[in-house]
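Reviewing the structure listed below.
Numbering (my numbering), first residue to last: 142 to 1211.
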C-alpha cells in the first residue's frame, strides 16, 4: 500500500514506468482534458494562472506517507497514472517531459494526439539514471525563452507549496530559481481546473462513495453493535485496522469493485470517551472503545476508487440524555441545510451560512461550538484548496463540483457526573455532488437518521439509580426514538416496557394526526361507486339494405356486424348481440328442439342500466323469443355461435371500459446508441398475456425513462414508466422456486387485456418435476448429488444475474433526473416474515423497509407502511393457536385488510417489527366489524376525537374499566349460608373451593338418609327462594341461571349411585 501513498496514482514508479505493456494511456481522455486544460489556461490566464507563459510541474518520488499533491493530481487527471520524479513544462507550442527511459516509452504515444488536440509538440528528454539532468534542464529553459516572444524574464507558473524532493527535483528547483524567470504560484488555477468533474470523474466519485457508505453500513455499524452488545473490550486502533481491511477488500461488504482500483483516503478514525478531534488529520488511539451510558462514538472513513476520494462520518449516541439528543437533532438539521444550499449559482459560503442559521435559530447555546467550516471540495485530493465551505469563500458553485460536507460540534457539556462523558463532540460528513436541481448525496445509503444512530441499552439498576436525571430530564424537545438493543435475555420485561412506552407516545401522535386529517375531510358523502360506463350506441346496420338477404327464414349469425338475425312474422329482424342476455336450447322426446333467447329489458332485476335503454323509456321492448326446429344440429350450432360472439363482444367492451379509466402514461424513450439498455432475459410475466397459444419468455430492458418487457410476439409488450413505479422489489430464491423483480405501480396499466397495478417478472430456479418409477435412491447416489449441485449452481447464477441487474438499475435511478422519484429496489427481510392468510390461501408474508409484501402467491399483497393508520391484532389471548391482523388505512373509505390465521408464535416478533416502524398497534380478544366502526368515525369525527380517538381499542384500559363487573360472574353457592348482607356473600366468593366442598360434605353425611340427593328441580326451587330472601329479584333471569349453573359446577360433585340406586356416601377430604 505504500506504493499508492504518494498522492493518488495507481501504478508506482516501477509499475507505471517499468511495465509499459501493462499500462496504456487513454488517448481519447488525454485529448479531451488537454483541450480543457489549455482552454482554461487561455481564458483565465490573468486571474487564475498569474499571467504565466509556461507552467512547470515537478512530481516528487514515491513516499510511504499518505499525502495529496497537485502535481500527482495533474498526472492522474491528464495521463491516468502518476509519474514520480518527472518534470512537465507546458508552453503555448510545446510540452516538455524530463524523465527516465521507461516512462518515456509510455509517453511516446502522446505526440500525435497532442498535436491533433491543441497543436503542440511533445518533446521528451530521456535522462540516464546516473545523470542529474542539468543539460536537459537548460534545453527546456531555452525553449521557454524562445517561446516568450523575446521576453528576457518570461513568467513561469509553479506550485509553491510543494517542496522539492530527491536529487532530480532539488536540482530543478535550484536551476529554476537561478534562471532569471519570473516565478508565480498557479495553485488557484489547478484548483479551479480540478474543481469541476466530468462524467467519468463523477462515476469514480459515486463508486468511491458507494464503497465508503457500504463499509459504514454493512461493516462498521454491525461491528460496533456486536462489540457493545457482547460488552467486548476493543481498542480504537483495532477497529481502525479491521475497517481498513474491509475497505481494501470490497467483497467483504458485497461491493463488486476491483480491489486493485481501491485505496483508503486516510486511516479510519474511531473516537469515544472524553477526547475528540474533529480535524481531518485526527487519528485513532489505542484506548478502548467507550460505550457506557451517555457516551458518544464518532467514526469517519474515506475510500478512493481510481484515485477519486469520498468520505463519510457518523456519530453514534449511547443512552443519550436530553442535551445530547437536542445537539444531534440540531446538527442533523444544520447538515441537511448545508447540503441543500449547494446549488449552482450560490456562493460556497452559503452552505456554511445556512448551517449557522439553523444552529442560531434552534440552539444558539451550541453556536460557539460549531466547526468553522462546513467542509471542503473533494476529488483527486481529499481537500481541494480554494473550495472550502467557510463564511469567507465567495467562489460560485457550478454543476459537477464535489464536496465533503463535514459539520460538527466540538466539546459540548453533557451535564453528567461521569468524567468520561461530561464532554462530548458530534460529527457528520457526506460526499455531495452539485447538480442542476438537488444536490446528490453519494453516501446516502449510510443512514444518519436519529433512529439509526441512537441506541438505548437496558442498564443495571445501580446505573439507573446513579443517573436518574439523565433518563427523565425534562426539556422542550420531544424524546426521539432509538434502537433498542439487549445485552442479555434477562431484560425481556424492560424491553416490553420500552415498547409500551413507545406505543403510548405513538397513540398520542396518531390521535393528533387523525384529528388533523379528519378535520380537513369535510362531510363528503357518496356510495363510492362511479357511474357505469355505457356501451357504445348499439347499431347493427345503418341501412335496411345492409341486412343480408336469405331465401330461407332461419336464425343466422352475422359475425361481421355482431348481430343475430331472427325470423319474425315472415321477415328477418336484426338484433345486436349486446341486447341478448342469454340463450338456451332443449330437446323433447319427439326430437323437436327449442331455442329460447332472452333480451336485456329495462326494469328487470339485475339488469344493467344502459344509456341506450334509458333514452327510449317509452318504447315497447321484446323480452324473450322462442323458436322450434326439427334440426338439432343447427340449433346447437346457433346457440354456440351466439354465446361465442356475445363473449367476444363483452370481453372487448370490458377491456375498452378498463382502458378508458387508465391514466395516460408518458411515452417510453428508447435508449440510444450511446446508452446500451440494461437487460435481463428469459423472464416470465405475471399477470400473463391473454390468448390460448403457448406462453413465451421475454426480455426486460431498462431504457431512458422506463422499462420495456417484450416477447418474440409483436403484440406481447408492456412498458413500465419510472414515474409510475411506486415500489420496486427484488426477491432472490431462497426457500422459494422463483427469483423475481416486482413493480407496484401508482396507476393501473394493461398487461394484455388485464388491468393491473402489479407487474412481476420471474425465473424458475429449478424445474418443478417429480421422478416417477424407480425405487428410493441412495443418499450417496453420485447422480443425485450431481443433480443437486447443478440445481444450486443454477439458482446461484440466476440470483447473481438478477442482483447485477438490480444494482445497475439502482445506479441509473441514482442520477439527478430521477432523484425526486425516490426509487430503489427493496428486498424483503425474510427473518421478519410470518405465515398468514391474506386472501384465501396461506402464504409467507414478509416486511421490507417500506412495505409489507407477499410476492409468491397470487393475488399479490403489497401494503405501503406510510398508508397505514393503525394495526389491530385480533383474537389475541391465552390458549389461542392463531390470531388475526387487521390493517386500517388512513383512507377510511378503503376497506380494512385482514390477514388471518397467523401463528401465535409470531406475535412477539410482529409486535416488535410494528413498533420499530413507528406504527401504532392494538390488541383485542375478538374480531371487530370494521365497516360500521369506520362509518361512525367518518360521520362524526369530532365525537371520535373527544372520546379518545383510537384508545377505545386499548384492551388494557377496557379491562380496567370492566373490573367492577367481574364479581357478578362469580356465581353463588346453592347451600343455605347464613349471611347478613349481599356484600358478605360476595366477599366469601374468594374462599377456596376445597373448604366449601369440605363443609358441604360434612352436611351431606349427616343428612344423607333424609335428603337422598337433591334433584335439579329441587335445587332450582331452593335457588329461587334464596333469591327472594336475599333480595336479588332485580337480577335478570339469564343472569341468575348463569350464576346458578356456574356455582353448581364449582360446588357439586357428580351424583354417584350404587347398583340399588341409592346415592353413595361422599368421602371426606382428609
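Cβ coordinates follow ideal geometry from the N, Cα and C atoms, glycine included.
In this text the structure is predicted, and so the values were computed from the model without any measurement.
- Annotated as proximal: residue 414 and residue 561, with beta-carbon spacing under 7 Å.
- If you look at residue 962, you'll find it isn't in any alpha helix (DSSP H); DSSP assigns it neither H nor E.
- A Cβ-Cβ contact shorter than 7 Å links residue 546 with residue 516.
- In this structure, the straight-line span from the alpha carbon of residue 236 to that of residue 336 is close to 23 Å.
- Shown here for residue 952: same chain residues with a beta carbon closer than 8 Å to its own, the five before and five after excluded, namely 347 in chain order.
- Contact annotation: the region 346-365 does not touch the region 310-321, with fewer than three C-beta pairs closer than 8 Å.
- Going by beta carbons, residue 483 and residue 580 fall inside the 7 Å limit.
- The three-state reading of DSSP puts residue 840 in strand, counting E and B together.
- Within the same chain, 150, 200, 222, 223, 224 come within 7 Å of residue 216 by CB-CB distance, once the 5 residues on both sides are set aside.
- Counting only the Cα atoms, residue 1062 lies some 13 Å from residue 642.
- According to DSSP, residue pairing for residue 547 in a beta bridge involves 570.
- Using a Cβ distance threshold of 7 Å, residue 352 and residue 391 count as a contacting pair.
- Counting the other Cβ atoms within 10 Å of the Cβ of residue 899 gives 16 or more, which makes it buried.
- Counting other Cβ atoms within 10 Å of its Cβ, residue 409 reaches 16 or more and is therefore classed as buried.
- Bounds of the alpha helix (DSSP H) holding residue 1074 are 1071-1080.
- Looking at the DSSP output, residue 266 sits in a beta bridge with 239.
- Closest option to residue 494, judged by alpha-carbon separation, among 481, 258, 506: 481.
- Residue 1015 is a Cβ neighbour of residue 1068, given a cutoff of 7 Å.
- Here the alpha carbons of residue 994 and residue 1022 stand approximately 23 Å from one another.
- Distance from the CA of residue 371 to the CA of residue 518, rounded to the nearest whole angstrom, comes to 39 Å.
- Residue state for residue 830 is assigned as coil, using DSSP reduced to three classes.
- Annotation: residue 524 to residue 406 spans about 10 Å, alpha carbon to alpha carbon.
- Per DSSP, residue 328 is not a residue of any beta strand (DSSP E); the alpha helix (DSSP H) it occupies stretches across 328-336.
- Taking a contact to require three or more Cβ pairs closer than 8 Å, the region 719-729 and the region 682-697 do not qualify as touching.
- In the DSSP secondary-structure assignment, residue 976 is bridged to 985.
- In this structure, the beta-carbon distance from residue 724 to residue 709 does not fall below 7 Å.
- Here the alpha carbon of residue 569 sits roughly 7 Å from the alpha carbon of residue 453.
- Beyond the five residues adjoining it in sequence on each side, residue 812 comes within less than 7 Å, by CB distance, of 818, 844, 845 in the same chain, given in chain order.
- Along the region 281-315, the beta strand (DSSP E) occurs as fully enclosed runs of 3 or more residues at 296-299, listed in sequence order.
- Where residue 353 is concerned, the enclosing alpha helix (DSSP H) starts and stops at 340-356.
- In this structure, the alpha-carbon of residue 550 lies about 11 Å from that of residue 506.
- Taken in chain order, the complete beta strand (DSSP E) segments of 3 residues or longer contained in the region 759-795 are 765-770.
- Around the beta carbon of residue 319, fewer than 16 other beta carbons lie within 10 angstroms, which makes this residue exposed.
- In the three-state reduction of the DSSP assignment, residue 597 falls in the strand class, which pools E and B.
- For the pair residue 761 and residue 707, the Cα-to-Cα distance works out to about 18 Å.
- Of the residues assessed, residue 847 falls on the buried side of the cut-off, its CB having 16 or more other CB atoms within 10 angstroms.
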